[in-house]
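Step one of this worksheet: look at the structure below.
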Amino acid sequence: SLGQRLNGVFKRLRGHGKITETNIREAMHEVRLALLQADVNFKVVKEFVQSVTEKSLGAEVLQSISPGEHVIGLVHRELIELLGARAAAFDLKQGVTNVILLFGLQGSGKTTFAGKLALHCAKKGWKPLLVACDIHRPAAIRQLHVVGEGVGVPAFDLGTDHDPSEITERAKRHAVEQGRDLLIVDTAGRLHIDEVRMDELRKLKRTAEPTFTFLVADAMTGQDAVNSAAKFHEQVGIDGVCLTKQDGDARGGAALSIRKVTGKPIFFAGVGEKPDDLEVFHPDRVASRILG
Amino acid sequence: ISLRGKVDEELLNELEEILIQADVGPDTSLKLVDALRQNREARGEAGAEKLIGLLKEGMLDILGRESRPLAFDGPKPFVTLVVGVNGTGKTTTIGKLAQRLRQEGRSTMLVAADTFRAAAVEQLEIWARRTGAEIVKQGAGADPGSVCFDAMQAARSHHADVVLIDTAGRLHTKVNLMEELKKIVRVIQKHDPAAPHETLLVLDATTGQNAISQARIFSEAVPVTGLVMTKLDGTAKGGILVALSDQFEIPIRIIGIGEGAEDYRDFVPRDFVDALFE
Ligand SMILES: Nc1nc2c(ncn2[C@@H]2O[C@H](COP(=O)(O)OP(=O)(O)OP(=O)(O)O)[C@@H](O)[C@H]2O)c(=O)[nH]1
Ligand SMILES: Nc1nc2c(ncn2[C@@H]2O[C@H](COP(=O)(O)OP(=O)(O)OP(=O)(O)O)[C@@H](O)[C@H]2O)c(=O)[nH]1
Ligand SMILES: [Mg+2]
Ligand SMILES: [Mg+2]
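Here you go:
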């Protein structure tokens with residue numbers, strides 16, 4: 452773990468007198484390596500290490516009898532700060548038809564997450580309606596219906612011959628008719644470099660007028676996380692991120708990269724395949740995993 | 192300043208960053224760039240182009256220079272098991288293989304052994320219809336081993352050339368799910384001790400260092416004989432394949448480059464390495 456490696460760095464220095472700037476830089480080399488191995492984007496790592504280096508060059512560390520502990524403490528605190536020390540406010544509005552729009556790369560877990568979010572909101576007294584706007588993937592509409600059945604939430608679809616904007620417009624009217632106060636819109640996976648699909652998404656967002664726009668991203672994403680997140684944010688705009696598949700052993704550095712490049716909070720974590728495998732995002736847990 | 196006898200360190204650092212950005216990983220990237228430092232040809236006035244050329248050769252030393260494509264020849268039925276973590280593109284890859292097999296005039300049987308995920312069977316059924324393949328399935332929540340048992344019997348009686356088994360996505364850290372996979376292999380082996388003749392681990396190009404853990408744990412559980420990397424039509428470079436080839440001996444069979452039936456290619460090491468630097 453990074454903690455052990457840092458202690459190793461500073462142990463070797465004991466007996467050489469006090470800690471110097473060179474010693475700190477050697478420790479930062481270990482921090483950089485740990486973050487890269489944890490899939491934090493290399494540009495984000497650079498900035499992070501620079502910032503922690505400056506803080507580590509203070510008297511507190513240089514004169515400490517346990518500099519390794521101080522450095523790891525600094526790194527941990529800095530990570531938590533970056534990941535979003537305060538929980539993001541997920542406030543839906545009373546008396547309107549709320550809309551949550553979900554999008555992201557192929558296979559990131561959107562359809563599954565739609566079900567989890569529906570259950571989470573239903574438990575809080577909202578009346579969700581799932582909206583099937585993936586008109587591309589084989590059996591996607593059927594998948595959303597089955598997911599809905601699993602959480603006792605109805606799903607609205609218009610088949611695959613209408614575009615997502617039309618489907619959402621009709622879904623809104625249907626929601627009002629049926630007394631549903633929350634639309635959760637599931638969309639097809641798409642590449643941020645696919646102009647046609649990004650146009651479809653922009654058009655959908657204009658029609659949907661979402662209360663929340665979420666990027667659903669896979670926690671095991673590597674260096675590419677910043678590319679897709681930045682593009683989705685720049686071209687469509689996101690309010691927040693939901694990170695799925697956190698029940699694996701991926702170190703989850705993508706969380707830091709996505710947060711840094713979009714500036715938006717991480718709201719939820721997917722921690723399994725079942726409908727109640729949803730957690731509010733815990734920055735301290737992710738920070739500990741990133742540090743191994 | 193003359194750089195005679197030394198390699199341009201700034202350039203080397205830039206090259207290391209290109210590799211890291213491509214998900215080659217910090218350890219493998221350093222190893223490749225360090226080899227440049229030791230390389231006589233890299234010294235002197237070697238420019239970026241020369242160094243990149245040498246770096247590519249270093250990567251090809253690891254990846255191999257020959258394609259090792261999928262072959263469905265020999266045993267009949269040729270049984271292919273497709274495994275991997277959630278959402279990587281297993282079902283879609285099977286659809287692409289079924290399309291290819293149809294073009295090769297081979298009778299293909301798809302096996303819906305993902306009995307867990309919502310509409311997994313329906314999704315595979317659509318691919319069977321699209322590609323003219325047969326499909327073996329059971330009701331929702333059926334035991335995947337039982338579906339495979341039925342399929343092996345049906346394949347023999349229907350004289351299928353190739354059997355493609357779709358399994359549920361599963362995280363390698365879930366012990367019970369890995370046990371389920373081992374059981375599927377045992378069921379298949381009961382029918383033909385040499386089967387599955389190919390076990391493909393499907394990886395997502397956007398996945399980072401976790402692919403190493405996936406490869407290790409999946410190949411400890413089942414006899415993985417080939418890797419597939421999907422979603423290389425995105426911006427992810429899939430450089431983790433270099434790290435994987437460095438640590439494991441598993442041939443890289445196919446790359447996925449889109450969502451349609453024709454969107455795959457045999458893995459060609461030189462093309463892959465060139466694309467990484469584009
Ligand atoms: N272990 C685990 N699996 C998950 C999680 N979220 C989703 N999955 C699984 O990931 C796979 C993909 O999920 P989907 O919901 O189909 O993903 P998607 O983003 O809708 O996929 P596309 O619509 O094709 O882009 C499925 O096998 C899900 O069960 C999670 O938090 N943990
Ligand atoms: N762009 C792109 N998308 C792909 C590729 N391969 C698969 N996909 C998409 O990725 C998503 C997931 O594909 P699936 O075939 O359902 O993945 P899976 O591994 O079977 O998923 P689970 O069974 O839920 O674990 C779908 O939206 C596919 O269309 C590829 O090579 N490129
Ligand atoms: Mg989906
Ligand atoms: Mg599947």
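Residue numbers (the working numbering), protein chains in the order written: chain A, 452 to 743; chain B, 192 to 469.
Note that beta-carbon positions come from the ideal geometry of N, C-alpha and C, so glycine has one too.
This structure is a prediction, so every number in the text was calculated from the model and none was measured.
So what's residue i in DSSP terms, helix, strand or just coil?
i	result
proline 268 (chain B)	coil
methionine 671 (chain A)	coil
glycine 721 (chain A)	strand
aspartate 171 (chain B)	The shown model of chain B, from 192 to 469, leaves out residue 171 (chain B), and the question about it has no answer.
leucine 194 (chain B)	Only weak support exists for where leucine 194 (chain B) lies, its pLDDT of 47 falling under 50; the value from the coordinates is given anyway. Coil, per DSSP.
aspartate 252 (chain B)	helix
serine 452 (chain A)	coil
proline 460 (chain B)	helix
leucine 556 (chain A)	coil
alanine 583 (chain A)	strand
threonine 471 (chain A)	coil
asparagine 458 (chain A)	helix
arginine 228 (chain B)	helix
glycine 509 (chain A)	coil
arginine 483 (chain A)	helix
arginine 476 (chain A)	helix
asparagine 492 (chain A)	coil
glycine 244 (chain B)	helix
asparagine 549 (chain A)	strand
glycine 691 (chain A)	strand
proline 276 (chain B)	The sequence shown places valine at residue 276 (chain B), rather than the proline named in the question. It is coil, neither helix nor strand.
glycine 566 (chain A)	helix
Pop quiz: residue i and residue j are said to be a contact at Cβ under 8 Å. What is the actual Cβ separation, rounded to whole angstroms?
i	j	result
valine 393 (chain B)	glycine 286 (chain B)	At roughly 12 Å, the Cβ-Cβ gap does not stay under 8 Å, so valine 393 (chain B) and glycine 286 (chain B) are not in contact.
phenylalanine 607 (chain A)	alanine 583 (chain A)	7 Å
threonine 284 (chain B)	threonine 397 (chain B)	Contact doesn't hold; Cβ gap of about 15 Å is too wide.
isoleucine 211 (chain B)	phenylalanine 493 (chain A)	5 Å
proline 317 (chain B)	alanine 303 (chain B)	Here the sequence assigns isoleucine to residue 317 (chain B), which means proline is not the residue at that position. No, isoleucine 317 (chain B) and alanine 303 (chain B) are not in contact; Cβ-Cβ is about 11 Å, not under 8 Å.
threonine 364 (chain B)	leucine 315 (chain B)	With a Cβ gap of about 25 Å, threonine 364 (chain B) and leucine 315 (chain B) do not count as contacting.
glycine 558 (chain A)	glycine 399 (chain B)	At roughly 15 Å, the Cβ-Cβ gap does not stay under 8 Å, so glycine 558 (chain A) and glycine 399 (chain B) are not in contact.
leucine 552 (chain A)	lysine 656 (chain A)	6 Å
glycine 688 (chain A)	threonine 664 (chain A)	6 Å
methionine 300 (chain B)	alanine 345 (chain B)	7 Å
aspartate 490 (chain A)	arginine 702 (chain A)	6 Å
threonine 562 (chain A)	leucine 595 (chain A)	6 Å
alanine 706 (chain A)	leucine 556 (chain A)	Contact doesn't hold; Cβ gap of about 15 Å is too wide.
isoleucine 717 (chain A)	leucine 486 (chain A)	In fact, because the Cβ distance is near 17 Å, the residues do not count as touching under 8 Å.
isoleucine 516 (chain A)	leucine 453 (chain A)	About 20 Å; that fails the 8 Å criterion.
cysteine 572 (chain A)	leucine 633 (chain A)	6 Å
methionine 671 (chain A)	glycine 699 (chain A)	6 Å
lysine 373 (chain B)	valine 413 (chain B)	7 Å
Buried or exposed: where does residue i fall if 16 or more other Cβ atoms within 10 Å of its Cβ makes it buried?
i	result
alanine 565 (chain A)	buried
glutamate 411 (chain B)	exposed
threonine 322 (chain B)	buried
histidine 350 (chain B)	exposed
serine 348 (chain B)	exposed
asparagine 401 (chain B)	buried
glutamate 481 (chain A)	buried
lysine 575 (chain A)	exposed
lysine 725 (chain A)	exposed
glycine 249 (chain B)	buried
lysine 696 (chain A)	buried
valine 366 (chain B)	exposed
glycine 459 (chain A)	exposed
threonine 473 (chain A)	exposed
glycine 447 (chain B)	buried
arginine 308 (chain B)	buried
asparagine 549 (chain A)	buried
glutamine 488 (chain A)	buried
valine 503 (chain A)	buried
Quick check on the DSSP output: what are the complete beta strand (DSSP E) runs of length 3 or more inside the region 593 to 666 of chain A, in order along the chain? You should have 633 to 638.
Specify which residues have a beta carbon nearer than 7 Å to any heavy atom of ligand 3, listing them in chain order. With 7 Å as the limit between CB and the heavy atoms of ligand 3, the residues that fall short of it are A:Lys561, A:Thr562, A:Asp585, A:Arg588, A:Ala591, A:Gln594, A:Asp637, A:Ala639, A:Gly640.
In the region 516 to 541 of chain A, which residue ranges form an unbroken alpha helix (DSSP H) of at least 4 residues, counting only runs that do not cross its ends? Runs found: 518 to 535.
Length-filtered (3 minimum) beta strand (DSSP E) runs lying within the region 695 to 742 of chain A: Fully contained in the region 695 to 742 of chain A are the following beta strand (DSSP E) runs of length 3 or more, in chain order: 717 to 721, 729 to 731.
Note down, one range per segment and in chain order, each beta strand (DSSP E) of at least 3 residues found wholly within the region 287 to 357 of chain B. Complete beta strand (DSSP E) runs here, min 3: 299 to 304, 325 to 327.
Which full runs of the alpha helix (DSSP H) of 4+ residues lie inside the region 350 to 433 of chain B, going along the chain? Counting whole runs of 4 or more residues, the region 350 to 433 of chain B contains the alpha helix (DSSP H) stretches 366 to 382, 401 to 412.
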